[in-house]
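Visitor: Got a structure for you, questions after.
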Amino acid sequence: MARRRWIVLLLLALAGLVGSLDASAGDVDPVYKSCVEKCEQSGCVGDQCFQHCKFSSDGKPVDGPWYMQEPLYLRWKQWDCRSDCRYHCMLAREEERRTLGGKPVKYHGKWPFLRVYGIQEPVSVALSALNLSVQFHGWLSFFILLYYKLPLRPDKKTYYEYTGLLHIYGILSMNSWFWSAVFHSRDVELTEKLDYSSAVALLGFSLIVALLRALNIRDEASRVMFSAPVIAFVTTHILYLNFYQFDYGWNMKVCVAMGIAQLLIWAIWAGVTRHPSRWKLWVVVVGGGLAMLLEIYDFPPYMGFVDAHALWHTTAIPFSYLWWSFIRDDAELRTRTLLKKGGHLCFFFFFLLFFKSIPIGSAVSLCNHNLLFSRVFAKKTS
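Shown next, in the form of structure tokens:
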């Protein structure tokens, strides 16, 4: 009951946070609005003027020959007169607030970050790239362990039954962090949708992995039965966000629900099964839950660079490393368990075959080909 109450309070707090993001004090400030309007007319904020304001929205110069058109790479970044005016008016207004002893406020739903070489949130971009590298390292080490260090079946497939699922998980994780880096480098409608969609897809598939591993579902038919509802819901949600309404509040609730569900599944499963590496899983579960608080108790970026979301990106690095370490341990455990069971059966048949004058070499060969062993044994004893 206490756990359920905690989840409800967490969801209410998140809903309140999302609601507060809809109304930003900065962009309704009359001084800021006046600054933006003047800048769009003159192309300048104070003594600083901007190249983008010399071009129209389609990249053509307001006055000048065709060869003065804005470079294509600048148009791809979608920096235009309005975005430059908003950014520099925001900086000017925040400097005035700081001088008067005021605190930073949000503009258009976002804190005032300092750009570096056109990158909006350089720290978050760097941390997203670092998370991407950690995910790649984790997936690569998992791949090497399975195919080069652990024994393989005669058909060259792994003994670990969740290999394919975790390969897909690794690809989705790297994809999610890639689009996170792109989105934090330049926040436009396309990059925002790609970032949010890839994150939702990752959360949905992570929930599927948690369900299938916790319930020890190994046959394909059962996996499809359990996965289909989650895939259908996640796909519908992504389509809803991209083509109907980009509802931040609803998306937050969906992500929190899927995140809490899989954290609880992993925590309970680790305790019930007494997995040898359960402490790693518990650290990830507890740490991941606490890290969610950084998304709730938001604060302005320190020195214009590091905010709560950037710190959340930081916490994801050690947890991702520990998570892949647990996956490798689980793969080793399952492989040893299956080989041990197969070894006992092989010894039993080998014992019988040995006393039926079957050559030892043939018995060893049959043991290495477990798929054919029982069939051969049946023929020899018939």
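Throughout the sequence shown, residue numbering follows mature numbering (1 follows the signal peptide of the UniProt record, and there is no 0), covering -23 to -1, 1 to 359 in sequence.
Ideal Cβ placement from N, Cα and C applies to all residues, glycine included.
All figures in this text were calculated on a predicted structure; none of them were measured in a lab.
Shortest alpha-carbon distance to Ile304 belongs to which of Leu258, Leu109, Asp275, Cys62?
Guide: The residue labelled residue 304 in the question sits at position 327 within the sequence shown. It is Leu258.
Visitor: Between the beta-carbon of Trp289 and the beta-carbon of Glu272, is there less than 8 Å?
Guide: Locating residue 289 in the sequence shown gives position 312, counting from the first residue. Locating residue 272 in the sequence shown gives position 295, counting from the first residue. In contact: Trp289 and Glu272 (Cβ atoms closer than 8 Å).
Visitor: Any chance the region 78 to 91 sits against the region 273 to 280, with 3 or more Cβ pairs inside 8 Å?
Guide: In short, these stretches touch, since the Cβ pair count reaches three.
Visitor: Report the CB separation of Tyr137 from Arg311 in whole angstroms; it is logged as a contact under 8 Å.
Guide: The sequence position of residue 137 within the sequence shown is 160, counting from 1. The sequence position of residue 311 within the sequence shown is 334, counting from 1. That pair is a contact at about 5 Å.
Visitor: Apart from the five residues on each side of it in sequence, which residues of its chain come closer than 6 Å, Cβ to Cβ, to Ala187?
Guide: Here the question's residue 187 lines up with position 210 in the sequence shown. Within the same chain, Ala187 has close Cβ partners Gln239, Ile242, Trp243.
Visitor: Taking the alpha carbon of Glu71 as the reference point, which residue from Leu270, Val8, Pro128 has its own alpha carbon closest?
Guide: Indexing the sequence shown from 1 puts residue 71 at position 94. With distances taken between Cα atoms, Glu71 lies closest to Val8.
Visitor: For Trp300 and Lys317, I'd like the C-alpha separation in whole angstroms.
Guide: The sequence position of residue 300 within the sequence shown is 323, counting from 1. The sequence position of residue 317 within the sequence shown is 340, counting from 1. Going from the Cα of Trp300 to the Cα of Lys317 covers about 26 Å.
Visitor: Closest to Arg163 by C-alpha separation, out of Tyr279, Gly147, Gln25, Asp57, would be which residue?
Guide: For the purposes of this step, residue 163 is taken as the residue at position 186 of the sequence shown. Closest option to Arg163, Cα to Cα, is Asp57.
Visitor: If we define contact as Cβ-Cβ less than 8 Å, is Arg255 a contact residue for chain C?
Guide: Note that chain C does not occur in the displayed structure, where there is just one protein chain.
Visitor: Among Ser199, Val177, Ile96, which has the Cα closest to the Cα of Val213?
Guide: For the purposes of this step, residue 213 is taken as the residue at position 236 of the sequence shown. Correcting the residue type first, residue 213 is Thr in the shown sequence and not Val. Thr213 has its Cα closest to that of Val177, out of Ser199, Val177, Ile96.
Visitor: Within its chain, find whatever has a CB closer than 8 Å to the CB of Arg59; leave out the 5 residues flanking it on each side and keep chain order.
Guide: Numbered from its first residue, the sequence shown carries residue 59 at position 82. Here the set comprises Val13, Glu17.
Visitor: Would you kindly report the start and end of the unbroken alpha helix (DSSP H) that includes Pro277?
Guide: In the sequence shown, counting from the first residue as 1, residue 277 sits at position 300. Neither: Pro277 is in no alpha helix (DSSP H) and is coded neither H nor E.
Visitor: Are the CB atoms of Ser1 and residue 374 within a distance shorter than 8 Å?
Guide: With the chain covering only -23 through 359, there is no way to say anything about residue 374.
Visitor: In three-state DSSP terms, what is Lys10?
Guide: Position 33 of the sequence shown, counted from the start, is the residue given in the question as residue 10. If DSSP states are grouped into helix, strand and coil, Lys10 belongs with the helices.
Visitor: What whole-angstrom Cβ distance do Val100 and Ala308 have, given they're in contact under 8 Å?
Guide: Translated into positions along the sequence shown, residue 100 becomes position 123. Translated into positions along the sequence shown, residue 308 becomes position 331. Actually they do not touch by this definition, with Cβ atoms about 34 Å apart.
Visitor: Could you have a look at Leu129 and say whether DSSP puts it in helix, strand or coil?
Guide: Stepping through the sequence shown from its first residue, residue 129 is reached at position 152. Looking at Leu129 - three-state DSSP - the assignment turns out to be strand.
Visitor: Check Val211 in the structure and name its three-state DSSP category.
Guide: In the sequence shown, the residue the question calls residue 211 occupies position 234. DSSP places Val211 in helix when its eight states are reduced to three.
Visitor: Mark Ser204 as exposed unless 16 or more other C-beta atoms lie within 10 angstroms of its C-beta, in which case mark it buried.
Guide: Residue 204 sits at position 227 when you count from the first residue of the sequence shown. Buried: at least 16 other Cβ atoms inside 10 Å.
Visitor: Among Lys15, Trp227, Cys232, which one has its Cα closest to the Cα of Leu184?
Guide: For the purposes of this step, residue 184 is identified with residue 207 of the sequence shown, where counting begins at 1. With distances taken between Cα atoms, Leu184 lies closest to Cys232.
Visitor: Just list the residues that DSSP pairs Ile96 with in beta bridges.
Guide: Residue mapping note: residue 96 aligns to position 119 of the sequence shown, counting from 1. Per DSSP, Val93.
Visitor: Determine the extent of the alpha helix (DSSP H) in which Glu138 is found, giving its start and end residues.
Guide: As a first step, residue 138 must be located in the sequence shown, where it is residue number 161. Run containing Glu138: none; DSSP gives neither H nor E here.
Visitor: Mind checking Gln112: buried by the 16 CB within 10 Å criterion, or exposed?
Guide: The residue given as residue 112 occupies position 135 in the sequence shown. Buried, since its Cβ has 16 or more Cβ neighbours within 10 Å.
Visitor: So, with DSSP's three-state summary, where would you put Tyr124?
Guide: Against the sequence shown, residue 124 aligns to sequence position 147. In the structure shown, Tyr124 sits in a helix (DSSP, three-state: H, G or I).
Visitor: Determine the DSSP secondary structure at Val82, reduced to helix, strand or coil.
Guide: The residue given as residue 82 occupies position 105 in the sequence shown. Note: Val82 maps to coil in three-state DSSP.
Visitor: Express the C-alpha separation of Gly147 and Gln28 in angstroms, rounding to a whole number.
Guide: On the sequence shown, residue 28 is found 51 positions in, with the first residue counted as 1. On the sequence shown, residue 147 is found 170 positions in, with the first residue counted as 1. Rounded to the nearest angstrom, the two C-alpha atoms are 42 Å apart.
Visitor: Does the distance from the C-beta atom of Asp61 to that of Cys21 stay below 8 Å?
Guide: Position 84 of the sequence shown holds residue 61. Position 44 of the sequence shown holds residue 21. Their beta carbons are not under 8 Å apart, which means Asp61 does not touch Cys21 by this criterion.
Visitor: Evaluate the contact criterion for the region 101 to 111 versus the region 151 to 161: three or more CB pairs, one atom per stretch, below 8 Å.
Guide: Contact holds: three or more Cβ-Cβ distances are below 8 Å.
Visitor: Determine the burial state of Val283: buried for a count of at least 16 other Cβ atoms within 10 Å of its Cβ, exposed for fewer.
Guide: For the purposes of this step, residue 283 is taken as the residue at position 306 of the sequence shown. The residue is buried, with at least 16 neighbouring Cβ atoms inside 10 Å.
Visitor: For Ile145, which residues from the same chain have a beta carbon less than 8 Å from its beta carbon, with the 5 sequence-adjacent residues on both sides left out?
Guide: In the sequence shown, the residue the question calls residue 145 occupies position 168. The residues are Phe182.
Visitor: Where does Gln25 fall in DSSP's three states?
Guide: The sequence position of residue 25 within the sequence shown is 48, counting from 1. Residue state, collapsed to three classes: strand.
Visitor: Alpha carbon to alpha carbon, how far is Cys66 from Cys26? Give it in angstroms, no decimals.
Guide: Your numbering for residue 26 matches position 49 in the sequence shown. Your numbering for residue 66 matches position 89 in the sequence shown. So the alpha carbons of these two residues sit roughly 12 Å apart.
Visitor: So what does DSSP say about Val283, is it helix, strand or coil?
Guide: For the purposes of this step, residue 283 is taken as residue 306 along the sequence shown, with counting starting at 1. DSSP places Val283 in strand when its eight states are reduced to three.
Visitor: Could you tell me which residues DSSP puts in a beta bridge with Lys87?
Guide: As a working mapping, residue 87 is identified with position 110 in the sequence shown. Answer by DSSP bridge pairing, in chain order: Tyr84.
Visitor: Identify the continuous alpha helix (DSSP H) that holds Cys232 and give its terminal residues.
Guide: Counted from its first residue, the sequence shown places residue 232 at position 255. Cys232 -> alpha helix (DSSP H) spans 225 to 250.
Visitor: Using a threshold of 8 Å, state whether the C-beta atoms of Arg200 and Ile208 are closer than that.
Guide: As a first step, residue 200 must be located in the sequence shown, where it is residue number 223. As a first step, residue 208 must be located in the sequence shown, where it is residue number 231. No, they are not a contact pair.
Visitor: Would Tyr173 and Leu218 qualify as a contact pair, given that the criterion is a beta-carbon distance under 8 Å?
Guide: In the sequence shown, residue 173 corresponds to position 196, counting from 1. In the sequence shown, residue 218 corresponds to position 241, counting from 1. Contact flag set, yes.
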